[in-house]
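Q: Which chain is which? The protein sequence lines are A and B, in order. Throughout the first sequence, residue numbering follows this note's numbering, covering 1460 to 1824 in sequence. Throughout the second sequence, residue numbering follows this note's numbering, covering 1460 to 1824 in sequence. Here a beta-carbon is modelled for each residue, glycine too, at the ideal position from N, C-alpha and C. Small disclaimer: the values here were computed from a predicted structure and weren't measured.
Protein chains: 2
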Amino acid sequence: MASMMFTDCSSSTAAARLLPLSRSRLHSDCSSIFIRRFVGPHPMGTNSLRTILTVHSSSSSHVIKATFSAESSAKVIDGKAVAEKIRDEITAEVSRMKDEIGVVPGLAVILVGDRKDSATYVRNKKKACDSVGITSFEARLPEDSSEQEVLKFISGYNEDPSVHGILVQLPLPSHMNEQNILNAVSIEKDVDGFHPLNIGRLAMRGRDPLFVPCTPKGCIELLHRYGIDIKGKRAVVIGRSNIVGMPAALLLQSEDATVSIVHSRTKNPENIIKQADIIIAAVGQPNMVRGSWIKPGAVVIDVGINPVEDAKSRRGYRLVGDVCYEEARKVASAITPVPGGVGPMTIAMLLSNTLSSAKRAHNFQ
Amino acid sequence: MASMMFTDCSSSTAAARLLPLSRSRLHSDCSSIFIRRFVGPHPMGTNSLRTILTVHSSSSSHVIKATFSAESSAKVIDGKAVAEKIRDEITAEVSRMKDEIGVVPGLAVILVGDRKDSATYVRNKKKACDSVGITSFEARLPEDSSEQEVLKFISGYNEDPSVHGILVQLPLPSHMNEQNILNAVSIEKDVDGFHPLNIGRLAMRGRDPLFVPCTPKGCIELLHRYGIDIKGKRAVVIGRSNIVGMPAALLLQSEDATVSIVHSRTKNPENIIKQADIIIAAVGQPNMVRGSWIKPGAVVIDVGINPVEDAKSRRGYRLVGDVCYEEARKVASAITPVPGGVGPMTIAMLLSNTLSSAKRAHNFQ
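(1) Can you pull out the residues from the segment 1722 to 1755 of chain A whose beta carbon lies closer than 9 Å to at least one beta carbon of chain B?
(2) If the cut is a Cβ gap below 8 Å, which residues of chain B does LYS1586(A) touch?
(3) Whole beta strand (DSSP E) runs in the segment 1552 to 1638 of chain B with 3 or more residues, listed along the chain?
(4) For MET1635(A), decide whether its Cβ has a neighbour in chain B, counting only Cβ atoms nearer than 7 Å.
(5) Could you tell me the distance, in whole angstroms, from the CA atom of ALA1533(A) to the CA atom of ALA1791(A)?
(6) In this structure, does DSSP put ALA1540(B) in helix, strand or coil?
(7) So ALA1807(B) and VAL1562(B) are in contact, right, with Cβ under 8 Å, and what is the actual spacing, rounded?
(8) Give me, in chain order, the residues of the same chain whose beta-carbon lies closer than 8 Å to that of LEU1778(A); leave out the 5 immediate sequence neighbours on both sides.
(9) Could you check whether ALA1793(B) and ILE1536(B) sit closer than 7 Å to each other, using their CB atoms as the reference points?
(10) Locate the beta strand (DSSP E) running through THR1717(B), then write down its first and last residues.
(11) Quick one: grab the DSSP three-state call for ALA1694(A).
(12) Which first and last residues belong to the alpha helix (DSSP H) in which ASN1657(A) is found?
(13) Tell me the rounded alpha-carbon separation between GLY1800(A) and GLY1565(A).
(14) In chain A, which residues lie with their C-beta within 9 Å of the C-beta of ASN1617(B)?
(15) Would you kindly report the start and end of the unbroken beta strand (DSSP E) that includes GLU1768(B)?
(16) Could you have a look at ASP1547(A) and say whether DSSP puts it in helix, strand or coil?
(17) Between the alpha carbons of ILE1832(B) and CYS1468(A), how many angstroms are there, rounded?
(18) Helix, strand or coil for ALA1740(A) per DSSP?
(19) Considering Cα atoms alone, identify which of GLN1638(B), LEU1610(B), GLU1597(B), LEU1641(B) is closest to SER1621(B).
(20) Do ALA1694(B) and LEU1669(B) come within 7 Å of each other at the CB atom, strictly closer than that value?
(21) Between the Cα of GLY1652(A) and those of ARG1788(A), VAL1703(A), ASN1639(A), spot the shortest distance and give me the residue it belongs to.
(22) Apply the 10 Å Cβ neighbour rule to SER1554(A) and answer buried if 16 or more other Cβ atoms are within range, or exposed otherwise.
(23) Within the 7 Å Cβ cut-off, does GLY1689(B) reach chain A?
(24) May I ask you to report which of helix, strand or coil DSSP gives ILE1689(B)?
(25) Flag this pair as touching only if the segment 1627 to 1643 of chain A and the segment 1597 to 1611 of chain A have three or more C-beta atom pairs under 8 Å; answer yes or no.
(26) Looking at chain B, is there any beta carbon in it that lies within less than 7 Å of the beta carbon of THR1550(A)?
(27) May I ask you to report which of helix, strand or coil DSSP gives LYS1777(B)?
(28) Could you tell me if GLU1552(A) is buried or exposed, where buried requires 16 or more neighbouring beta carbons within 10 angstroms of its beta carbon?
(29) Output, in chain order, the set of chain A residues within a Cβ distance shorter than 7 Å of PRO1655(B).
(30) Going by DSSP, name the residue or residues bridged to LYS1534(A).
(31) Establish whether the CB of ILE1679(A) and some CB of chain B are separated by less than 7 Å.
(32) Helix, strand or coil: which one does DSSP assign to ILE1702(B)?
(33) Skipping 5 residues on each side, what residues in its chain have a beta carbon closer than 6 Å to that of ILE1720(B)?
(34) Reducing DSSP to helix, strand and coil, say where ILE1753(B) ends up.
(35) Given that ASP1715(A) touches chain B, what residues does it touch there, using C-beta distances under 7 Å?
(36) Give a yes or no on whether 7 Å exceeds the smallest Cβ distance from VAL1703(B) to chain A.
If you want it as structure tokens, here you go:
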């Protein structure tokens, strides 16, 4: 695993190339973003960076103000705290919906095969649903199932009025056509937001998508909750994946940012990144974005979660983002830590999409 | 009409703001791009710029080489010549298809109401179809038709195997829901390429759209035919309309350009435009892009067609692009004139989309 070679910012040279990010590489779905390569204990508890943050919540504006740390100049954007707040809000809404119209939102997950990591993600989703009062449904099919059998389950969930969101856990066994299967999910229940019709509506002015993909939605939600202006700002998205970079760019543009997308074929990416007021890094390259690439005062949203060797860690590795945090926090005005930044937002947005879907289905305001 | 205020480059000040481009403003459909605001004689014949160009066609690569004019440093990208060549190619393919499988591609146009400009566009489409051997179908409905009546015609054409492309002439009467009507066109016959599903597929890597919108497709085709590299280049698209700017940006990105989109909310657009190797201007502001905004050697594709007052002209106006041509041609390495650049490409791409649709429907290679 190439990304294990870099143990600190300095060893990730400025010449690091941007590599294409594949769906299966880092962020294959709405809840797996921060534990994609691991099965085991959750690394979130080790993030000491959060201790430098004091969170004030303004109930009217949802804007969180962070104090400055004595150690760094950047505000730390605490995704874990924001995600917890969102989950509390969802819990309250689910409860209100149940009380007022007797409907409980439902999320169905389809798991094919025995991959341990996939089983972990599915378990985490179930737990997250339980924690906010969303009903979870699960279909487990053996590895050698036919595409037809999977489609039958999707069709069943499409018809089931108690299911408001459907997720097919990826990757699917190699004998299946992923596109066929994902396209079979009803657009009204596509809580992942990956259906081309949802992406098309996201791209078009005046056409609202039914769902926005969870991770990019989480990035923008962090900007909103921290009161960071987007309109008129220069934004650079690093990475153009279907699940993070591309929809993040479309979202920023829909909020009137001037957006540039940097990718594996971009020459001298640092020159463009340096112009950005807002950087969203989603490329899966540890510590690629150096402090010197960042305009003083820029806001940095780091979607990457990369394991790097760390002999001092009990596990032998630690997780770092696409941005060299130690350098960036001295230049940026606000930054998401890794872990504890974008990661926790992804599953919160999945729950949010499921709730929205149920509300829409029952015309509940 | 604000755009009539500017009569030359110098009077279009550098402080000109980018305005949002509405669908009905300039480029409402695949064939109307250069005569949007006029009903009357076609202004194409007056373009003296084409006389400075020598066109060589290489049958193997389709690359056209242009000679340099003594007067300017930029190659003139002759859209009229390229469009004629494409129409010849389509004519040959339509003929081959008819000979080999007895199928003739068909394009249906639905016109509601009595707008003279719309009637002109529909007539032009019919003529263009006739010239390449595509069968044209036409439905004319009175202004006070119901949405249901229009939908009935769309449904009929959706079912009709001799129709391979359907265009609804816009604007529709104000009592109709444009989105409902456009969404009713079968995705397999959406030769305009505006269906959100086609736009979504255009945005997503690994998902090919069935059709690409005609004007942006024409811009990219011009780059291809003139052998202009896109991969790895900095591209700036000016304007983010659903019909030109946004899909043009997606197309450039799919060809590995590093793309920035400049729009009405962009601060200091000239700073970003100046970085571009390729500029696509589609904002509908006469002479907005000045020579000083252009990097020496950049390629300029000017989609704008704006009428400006001209007392010397018999009609009292002349047409100019979004780019100040006189200034830009001294800086750019290649540039499209207005008229005679992108305009003629749009209808050629409509014919091309119709042919492709017929080939796909009949699995004809």
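A: Reading off the structure:
(1) HIS1722, SER1723, ARG1724, THR1725, LYS1726, PRO1728, ASN1730, ILE1731, GLN1734
(2) None at all; the shortest Cβ gap to chain B is about 31 Å.
(3) 1565 to 1571, 1594 to 1600, 1624 to 1627
(4) no
(5) 5 Å
(6) helix
(7) Actually they do not touch by this definition, with Cβ atoms about 21 Å apart.
(8) PHE1493, PRO1502, ILE1764, ASN1765, PRO1766, VAL1767, VAL1797, PRO1798
(9) yes
(10) 1717 to 1721
(11) strand
(12) 1655 to 1662
(13) 27 Å
(14) Those within 9 Å of ASN1617(B) in chain A number zero; the least Cβ separation is about 18 Å.
(15) 1765 to 1768
(16) helix
(17) With chain B running from 1460 to 1824 in the structure shown, residue 1832(B) is simply not present.
(18) strand
(19) GLU1597(B)
(20) no
(21) VAL1703(A)
(22) exposed
(23) The question names Gly, but residue 1689(B) in the sequence shown is Ile. Chain A contact via Cβ: absent.
(24) coil
(25) yes
(26) no
(27) A quick correction: the sequence has Arg, not Lys, at residue 1777(B). ARG1777(B) falls in the strand class under three-state DSSP.
(28) buried
(29) LEU1656, GLY1659, ARG1660, MET1663, ARG1666
(30) ALA1793(A)
(31) no
(32) coil
(33) VAL1696, ARG1699, ALA1708
(34) coil
(35) ARG1724
(36) no
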